[in-house]
Amino acid sequence: PRYVEADPHTGGAQAVAEAWRNLSAIGARGLAITNNLNFGNPEKPDIMAQ
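When you read off a place in the sequence shown, starting at 1, and then add 41, the result is the number in my numbering.
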């Protein structure tokens with residue numbers, strides 16, 4: 042959560058990378074990644090990164 046709050050783009054990438062590493066660690070294979078993420082309104086800076 043701290044990474045995402047500090048830098049949403051990099052924090053999101055780190056979350057995906059961690060999930061992928063967790064799958065790989067148990068021998069699973071990732072099937073897909075989605076880009077359907079919901080973010081706060083970019084016109085309201087105080088809630089944009091929520």
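Beta carbons are placed, not taken as given, at the ideal position from N, Cα and C, and that holds for glycine.
Please state the DSSP three-state secondary structure of residue 84. Numbered from its first residue, the sequence shown carries residue 84 at position 43. Looking at residue 84 - three-state DSSP - the assignment turns out to be coil, as it is neither helix nor strand.
Out of 57, 81 and 51, state which residue places its alpha-carbon closest to the alpha-carbon of residue 75.
Within the sequence shown, residue 75 is the residue found at index 34, counting from 1. Considering only alpha carbons, the answer is 57.
Worksheet item: With a Cβ-Cβ cutoff of 7 Å, do residue 78 and residue 71 count as a contact?
Response: Stepping through the sequence shown from its first residue, residue 78 is reached at position 37. Stepping through the sequence shown from its first residue, residue 71 is reached at position 30. No, the pair does not count as a contact, with Cβ atoms beyond the cut-off.
So, at 6 Å on beta carbons, what are the nonlocal neighbours of residue 89 in its own chain, with the 5 sequence-adjacent residues on each side left out? Along the sequence shown, read from residue 1 onward, the residue named residue 89 stands at position 48. The answer, listed in chain order, is 81 and 83.
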